[in-house]
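K.L.:
To convert, count from 1 in the sequence shown and add 807; that's the numbering used here.
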Amino acid sequence: MARYFHIITYGCQMNVFDSLRIADALRTRLNIQETTELEQADVVIINTCSVREKPEEKVYATLTRVLKYKRRRPHMVIGVAGCVPRHAGRAIMDRFDFVDFVMGPDHVSEVASIVSRAMNHERVIATSQARRGQYVFPAFARDFRPGPTAFLTIIKGCNKTCSYCIVPFTRGPEQSKSPRMVMDEVKALVNAGAIELTLLGQNVNSYGHDLDEDVDFVNLLEAVASVKGLKRLRFVTSHPVDANDELLRAFSRIPNLMPYLHLPLQAGSDRVLRAMKRGYTLDDYLRKVDVLRSASPQVALATDMIVGFPGETAEDFDKTLSAVRRIEFDQMFSFKYSPRPHSAAARKPDDVKPGEKARRLQALQELHEEIQSRRMASLQDSVQEVLVEGLSRRGRQNGVGQVFGRTPANWVVNVDAEDPDDLVGKIVRVKVTQVMRHSLKGRIIDRPEGMQAAT
Ligand code: 5AD
Ligand code: SF4
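(1) Return the residue from the list Lys1160, Asp1226, Arg987 that minimises the CA-CA distance to Gln1267.
(2) Shorter than 7 Å, the distance from the beta carbon of Ile829 to the closest heavy atom of the ligand 5AD, or not?
(3) Grab me the residues of Val1048's own chain with a C-beta within less than 7 Å of its C-beta, minus the 5 sequence neighbours each way, in chain order.
(4) At the level of alpha carbons, what is the spacing between Val1025 and Ala1057?
(5) State yes or no: is the C-beta of Arg1244 nearer than 7 Å to some heavy atom of the ligand 5AD?
(6) Any heavy atom of the ligand 5AD closer than 7 Å to the Cβ of Cys965?
(7) What are the residues that DSSP puts in a beta bridge with Ser1141?
(8) Do you know how far the Cα of Asp849 is from the Cα of His882?
(9) Flag Ser857 as yes when its Cβ comes closer than 7 Å to any non-hydrogen atom of the ligand 5AD, and as no otherwise.
(10) Per the DSSP calculation, Val1031 is bridged to which residue(s)?
(11) Does the ligand SAM have a heavy atom nearer than 7 Å to the CB of Ile1061?
(12) Using alpha carbons as the reference points, say which of Val1235, Ala1109, Ala1170 lies closest to Leu1194.
(13) Quick check: the Cα distance between Ala832 and Glu1163, rounded to an integer number of angstroms?
(14) Please confirm whether Gly1000 and Pro953 have their CB atoms less than 8 Å apart.
(15) Please report how far the alpha carbon of Arg878 lies from the alpha carbon of Arg893, in whole angstroms.
(16) Looking at the secondary structure, which residues open and close the alpha helix (DSSP H) in which Asn1217 lies?
(17) Out of His1046, Gly1075, Ala995, Leu1018, state which residue places its alpha-carbon closest to the alpha-carbon of Val1031.
(18) Where does Ile973 fall in DSSP's three states?
(19) Does the distance from the CB of Asn1063 to the CB of Leu1037 come in under 8 Å?
(20) When burial is assigned at 16 or more other CB atoms within 10 Å of the CB, is Asp1052 buried or exposed?
(21) Assign Asp1158 to buried or exposed, taking buried as 16 or more other Cβ atoms, counted over all protein chains shown, within 10 Å of its Cβ.
(22) In chain order, which continuous runs of the beta strand (DSSP E) of length 3 or greater are located wholly inside the region 878–929?
(23) Would you tell me roughly how many angstroms separate the C-alpha atoms of Val884 and Met926, rounded to the nearest one?
(24) Using a 10 Å radius around the Cβ and a threshold of 16 neighbouring Cβ atoms, would you call Ala1130 buried or exposed?
(25) If you compare alpha carbons, which of Ala937, Thr1005, Leu1006 is closest to Thr977?
(26) Quick one: is Gly818 buried, meaning 16 or more other Cβ sit within 10 Å of its Cβ, or exposed?
(27) Can you give the beta carbon distance from Asp825 to Pro912, rounded, assuming they're within the 8 Å contact cut?
(28) Report yes or no: is there a C-beta of chain C within less than 8 Å of the C-beta of Met1083?
(29) What's the gap between the Cα of Thr1110 and the Cα of Ser1045?
(30) Residue ranges of each alpha helix (DSSP H) run of no fewer than 4 residues wholly in the region 1155–1203, ordered along the chain?
(31) Take His928 and list the residues in its own chain whose beta-carbon comes closer than 6 Å to its own, dropping the five residues that flank it on each side.
(32) Per DSSP, what kind of secondary structure is Ala1001 in: helix, strand or coil?
(33) Taking Gln1280 and Ile1113 to be in contact with their CB atoms under 8 Å, please state how far apart those CB atoms are, rounded to whole angstroms.
(34) Just to confirm, is the Cβ distance from Ile1304 to Gly896 under 8 Å?
(35) Is Ala1151 helix, strand or coil when you go by DSSP?
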């Protein structure tokens, strides 16, 4: 009888990538098929994130939800993977006796054996960290078929010591994938149909420093960009200290490198940046933005920001607002500080009151929304090359479907189409007809070769 697995993924793209490799292993090594229906699953894996308190809380809510299904299917095997088990694996096993295994991010390549042990009624705890240089990158299944856009982890872990951050503990020290392995995987993904690739790492800029070969991130970008058939290349994420001028200028040199840079600033006050141990001042960051924008003004700049870090005063927060006013980010992900286990800042009093954190977050988001809508307004009536990624959730209405895709600068565009299925995986020219709050609407003006022009 066919058996099914279901994976629920939280967190960053690295987790999304790991979930795909987990799926590959269960399909090809244990002959279990993927299902989108939780109630049909024999194996359920929750791939978790612990970067902030809020995503971590989701895990516990999800476990309670999954338990309802397990009551109806008692043989269901339930596992918790990803970052939360690194610090709470044992506690999860104690508190939720229906959980069959917990595994940390360094155990993804062993998932088939962990799941088969769990299916044989063993409770498995695999939360240790790989020793330096000993991490095994999970492999792609031979029959893996990427969509038009694919992800590829090129470096795991993080060697920084940002004082708010749990990631160096959950994901361990940096380890770069060998350039040969990266290139083989890139070619395989492109041959299998990917036309856009996003290179992933907690800090891709430090790629290569731990390898014997003389290679750095910019060399790797150039090599990947030159793979035949790869139309679009992206990467996330970058630490400002390691984003050197060569990288910032790469956007003007590498034609298929898409104009989008995620460069987290985190705070606008030097005092807070120092307490966060970020290793740069606001001026250092501004200089990087200048280098980037003078070489390639078209690059969309995205950031992460934290409000309410321990000791952040109203004056510090004003500096965050004025930095944001000055830089004008295209996209911002902003969060209230929450203390995380195994991070240095967790030892300091979390002294900005919850109401004040909420107020600061709202003020920051309002300011950013105003800037973003002004910047996005300039896209009205522009013509954009859009890589169509899939069908929009709206589905078909009056016989007309809708597809969504992204512009080079990473804006999501929704486009009406009579032949939506044929457009997926194609790059079409789109005129922007409407600028929405966080996305665009457009009309196709040019189709790829071999397809009829729109009337
Ligand atoms: N509290 C709030 N936000 C955090 N981030 C990381 N750690 C914390 C924390 N303890 C944010 C940072 C990071 C993003 C992924 O999450 O902005 O860039
Ligand atoms: Fe979350 Fe960080 Fe782990 Fe990604 S690496 S899943 S963001 S805690």
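Yeah, the Cβ is synthetic: ideal placement off N, Cα and C, and Gly gets one too.
P.N.:
Quick answer:
(1) No answer is possible for residue 1267: it lies beyond the span of the chain, which begins at 808 and ends at 1262.
(2) Checking the Cβ of Ile829 against the ligand 5AD gives no.
(3) Once the five neighbours on either side are set aside, the close Cβ partners of Val1048 are Gly1086, Tyr1087.
(4) Near 8 Å, if we compare the C-alpha coordinates of Ala1057 and Val1025.
(5) The answer is no for Arg1244.
(6) Answer for Cys965: no, Cβ out of range of the ligand 5AD.
(7) According to DSSP, Ser1141 bridges with Met1112.
(8) Rounded to the nearest angstrom, the two C-alpha atoms are 7 Å apart.
(9) Every heavy atom of the ligand 5AD is 7 Å or more from the Cβ of Ser857, so no.
(10) None; Val1031 has no bridge partner.
(11) Because the ligand SAM does not appear in the structure shown, any question about it cannot be addressed here, the ligands present being the ligand 5AD and the ligand SF4.
(12) For Leu1194, the closest alpha carbon among the candidates Val1235, Ala1109, Ala1170 is that of Val1235.
(13) Between Ala832 and Glu1163, the alpha-carbon positions lie close to 46 Å from each other.
(14) Pairing Gly1000 with Pro953 gives a Cβ-Cβ distance under 8 Å.
(15) Arg893 has its alpha-carbon roughly 27 Å from the corresponding atom of Arg878.
(16) In this chain, Asn1217 is not harboured by any alpha helix (DSSP H), its DSSP state being neither H nor E.
(17) If we check each option's Cα against that of Val1031, Ala995 comes out closest.
(18) Three-state result, Ile973: coil.
(19) It is a contact, given that the beta carbons lie within the stated cut-off.
(20) With a threshold of 16 other beta carbon atoms within 10 Å, Asp1052 falls short and is exposed.
(21) Residue environment analysis places Asp1158 among the exposed positions, since fewer than 16 neighbouring C-beta atoms fall within 10 angstroms of its C-beta.
(22) The region 878–929 contains these whole beta strand (DSSP E) runs: 884–889, 908–910.
(23) Cα-Cα distance, rounded: 6 Å.
(24) A residue is called buried when at least 16 other Cβ atoms come within 10 angstroms of its Cβ; Ala1130 meets this threshold and is buried.
(25) Cα-wise, what sits closest to Thr977 is Ala937.
(26) Here Gly818 is buried: its Cβ has 16 or more other Cβ atoms, across all protein chains shown, within 10 Å.
(27) Sure, about 7 Å apart at Cβ, within 8 Å.
(28) In the structure shown, chain C does not exist; there is a single protein chain.
(29) The alpha-carbon of Thr1110 is positioned some 10 Å away from that of Ser1045.
(30) If we require 4 residues or more, the alpha helix (DSSP H) runs fully inside the region 1155–1203 come out as 1161–1184.
(31) So the list is empty, once near-sequence residues are dropped.
(32) Three-state DSSP puts Ala1001 in coil, outside helix and strand.
(33) Nothing about residue 1280 can be read from this structure; the chain reaches only from 808 to 1262.
(34) For residue 1304 there is no data in the structure shown, the boundaries of the chain being 808 and 1262.
(35) Looking at Ala1151 - three-state DSSP - the assignment turns out to be helix.
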